[in-house]
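Everything below concerns the one structure shown next.
Residue numbers (the UniProt record's numbering): 1 to 308.
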């Protein structure tokens, strides 16, 4: 019923606050057009008391980053008994920890790149693995803190050990996989289309590529062979289900087709709170599958529950 009162949770206090504000505004505006009663909640540390007083029928989680997609806000909503969108406490926490998520995905046959977790201080003086490799924070999203170490680089990147580093002391070091950036959205228990992301003027799909207009080109559907397309859909759904995701998620892949069309497909991570901004991938992939932005958001509201 469209008369539901939906609290759109946006903003928050992670480094991804600007993205969340943008996602939240787009979702709140569209849900109002769909006929829902919408209250925008800029999330602070008093969010529990704010929501207890507001008593919405559903919480639409448009938060990104720590506290919003790591199981924290999900736990608060469980305590309050407010049905919410996206994944539950456990899946959110697992997916946010890139190394744990990879272990689970690998256990069900999803191919992942070799990696190790280390203290950022321990890898300052010598390479933790043979370059090329990628260093990334274990618990961040939106490509914050991602550093690529290229072949032939004589020492690890010094920024990781510097006082300017603000992404935690534990990092994941992962073999760099050459190739194309592909992503696949899952809606419920259905893998939607596969999209190729082509960064424009960026070496990889970084923050600006994701959220600045013109930062990347999206090829939807991706121009790959039918067997690679279906393989990525299968792997995205397998990872979504193994980690225990609910609602909408998006899995990212690398596809190295330099030597053969079958090439190497490697799963990187699952995003349980994919962006819902005007440049975001999931709304675009959903549209290709015949779901308008309004239809997608309405489905998410109606799918909301506790104990996810």
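Glycine included, each C-beta is placed from N, C-alpha and C at the ideal position.
So what does DSSP say about residue 267, is it helix, strand or coil?
Sequence index remark: in the chain shown, residue 267 carries index 267 (1-based). In the structure shown, residue 267 adopts extended strand secondary structure according to DSSP, grouped into three states.
Does the beta-carbon of residue 224 have 16 or more other beta-carbons within 10 angstroms, so that it is buried, or is it exposed?
As a first step, residue 224 is located in the chain shown; it is residue number 224 there, counting from the start. It is buried - the Cβ of residue 224 has at least 16 other Cβ atoms within 10 Å.
For the alpha helix (DSSP H) containing residue 284, name the first residue and the last one.
The residue you call residue 284 lines up with position 284 of the chain shown. From DSSP, the alpha helix (DSSP H) with residue 284 extends over 281-288.
Which one of 179, 121, 181 has the shortest CA to CA distance from residue 158?
Counting from one through the chain shown, the residue named residue 158 turns up at place 158. Comparing Cα-Cα distances from residue 158 to each of 179, 121, 181, the minimum goes to 121.
Taking its Cβ as the centre, do 16 or more other Cβ atoms sit within 10 Å of residue 294, making it buried, or is it exposed?
Your numbering for residue 294 matches position 294 in the chain shown. Answer is exposed; the Cβ neighbour count stays below 16.
Quick one, which of 247, 282, 269, 278 has its alpha-carbon nearest residue 303's?
Counted from its first residue, the chain shown places residue 303 at position 303. Looking only at 247, 282, 269, 278, the smallest Cα-Cα distance to residue 303 is reached by 247.
Just mark residue 180 as buried or exposed, buried being the case when its beta carbon has 16 or more other beta carbons within 10 Å.
Position 180 of the chain shown, counted from the start, is the residue given in the question as residue 180. Counting Cβ neighbours within 10 Å, residue 180 comes out buried, since at least 16 surround it.
Would you grab the beta carbon distance between residue 38 and residue 31 for me? Rounded to a whole angstrom, and I think it's under 8 Å.
In the chain shown, the residue the question calls residue 38 occupies position 38. In the chain shown, the residue the question calls residue 31 occupies position 31. 5 Å between Cβ atoms; contact.
By how many angstroms is the C-alpha of residue 36 removed from the C-alpha of residue 118?
Position 118 of the chain shown holds residue 118. Position 36 of the chain shown holds residue 36. Going by the C-alpha atoms only, they are around 46 Å apart.
I need the DSSP call for residue 307, collapsed to helix, strand or coil.
Stepping through the chain shown from its first residue, residue 307 is reached at position 307. Three-state result, residue 307: coil.
Confirm, please, whether the CB-CB distance from residue 99 to residue 135 is below 7 Å.
Residue numbering aside, residue 135 sits at position 135 when the chain shown is read from its first letter. Residue numbering aside, residue 99 sits at position 99 when the chain shown is read from its first letter. Residue 99 sits away from residue 135, with the two beta carbons spaced by 7 Å or more.
Tell whether a beta-carbon distance below 7 Å holds between residue 177 and residue 265.
Numbered from 1 along the chain shown, position 177 holds the residue referred to as residue 177. Numbered from 1 along the chain shown, position 265 holds the residue referred to as residue 265. The criterion of a C-beta distance shorter than 7 Å is not satisfied by residue 177 and residue 265.
Taking only three categories from DSSP, how would you classify residue 255?
By one-based count along the chain shown, residue 255 stands at place 255. Of the three classes helix, strand and coil, the one that applies to residue 255 here is strand, per DSSP.
From which residue to which residue does the beta strand (DSSP E) around residue 193 run?
Sequence index remark: in the chain shown, residue 193 carries index 193 (1-based). For residue 193, the enclosing beta strand (DSSP E) covers residues 190-199.
How close, in whole Å, do the beta carbons of residue 156 and residue 124 come, if the pair is a contact with beta carbons under 8 Å?
In the chain shown, the residue the question calls residue 156 occupies position 156. In the chain shown, the residue the question calls residue 124 occupies position 124. Residue 156 to residue 124, Cβ: 6 Å. Contact.
Could you tell me if residue 185 is buried or exposed, where buried requires 16 or more neighbouring beta carbons within 10 angstroms of its beta carbon?
Locating residue 185 in the chain shown gives position 185, where the first residue counts as 1. It is buried - the Cβ of residue 185 has at least 16 other Cβ atoms within 10 Å.
When you compare each of 46, 130, 60 to residue 4 by their alpha carbons, which one comes out closest?
Looking up residue 4 in the chain shown gives position 4. When only C-alpha atoms are compared, the closest one is 60.
Between residue 90 and the rest of its own chain, which residues show a CB-CB distance below 8 Å, the 5 nearest in sequence each way excluded?
As a working mapping, residue 90 is identified with position 90 in the chain shown. Annotation for residue 90: 71, 244 place their beta carbon closer than 8 Å to its own, counting only its chain and skipping 5 residues before and after.
Candidates 182, 190, 13: which alpha carbon is nearest residue 47's?
Mapped onto the chain shown, residue 47 falls at position 47. Comparing Cα positions, the closest option is 13.
Short of 6 Å in beta carbon distance, which residues of its chain neighbour residue 147, apart from the five on each side in sequence? Order them along the chain.
What you label residue 147 is simply residue 147 of the chain shown in a count that begins at 1. Counting only Cβ-Cβ distances below 6 Å, and skipping sequence neighbours, we find 135, 157.
Give the secondary structure of residue 343 by DSSP, where H, G and I count as helix, E and B as strand, and everything else as coil.
Residue 343 falls outside the range modelled here, since the chain spans only 1 to 308, and no answer is possible.
State the Cα-Cα distance for the pair residue 306 and residue 288, rounded to the nearest angstrom.
Taking the first residue of the chain shown as position 1, residue 306 is located at position 306. Taking the first residue of the chain shown as position 1, residue 288 is located at position 288. If you take the alpha carbons of residue 306 and residue 288, they lie about 30 Å apart.
Please give the ranges of any beta strand (DSSP E) in the segment 1-69, keeping only runs that are unbroken, at least 3 residues long and fully inside the region.
5-10, 37-42, 58-61
Note down, in chain order, each residue of its chain lying with its Cβ closer than 8 Å to the Cβ of residue 263, except the 5 sequence neighbours on either side.
Counting from 1 along the chain shown, the entry for residue 263 is found at position 263. Excluding sequence neighbours, residue 263 sits near 179, 228, 255, 256, 257.
Helix or strand or just coil, what does DSSP make of residue 172?
Residue mapping note: residue 172 aligns to position 172 of the chain shown, counting from 1. Strand.
To which residues of the same chain is residue 222 closer than 6 Å at the C-beta, ignoring the five residues directly before and after it?
Here residue 222 is taken as the residue at index 222 of the chain shown, counted from 1. Within the same chain, residue 222 has close Cβ partners 182, 194, 195, 196.
Taking DSSP's pairing of strands, which residues face residue 87 in a bridge?
Taking the chain shown and counting its residues from 1, the one referred to as residue 87 is at position 87. DSSP output for residue 87 lists no bridge partner at all.
Alpha helix (DSSP H) containing residue 240: first to last residue?
Position 240 of the chain shown, counted from the start, is the residue given in the question as residue 240. Where residue 240 is concerned, the enclosing alpha helix (DSSP H) stretches over 226-243.
Look up residue 72 in the DSSP assignment and give the residues it is bridged to.
Numbered from its first residue, the chain shown carries residue 72 at position 72. Bridge partners of residue 72: none, in fact.
When DSSP builds the beta bridges, which residues end up paired with residue 118?
Numbered from its first residue, the chain shown carries residue 118 at position 118. The partner list for residue 118 (beta bridge, DSSP) reads 171.
Would you kindly check if the distance between the Cβ of residue 76 and the Cβ of residue 242 is under 7 Å?
Along the chain shown, read from residue 1 onward, the residue named residue 242 stands at position 242. Along the chain shown, read from residue 1 onward, the residue named residue 76 stands at position 76. No, Cβ-Cβ distance for residue 242 and residue 76 is not below 7 Å.
Would you identify the three-state DSSP class for residue 160, choosing helix, strand or coil?
Reading the chain shown from its first residue, position 160 is the one you call residue 160. Looking at residue 160 - three-state DSSP - the assignment turns out to be helix.
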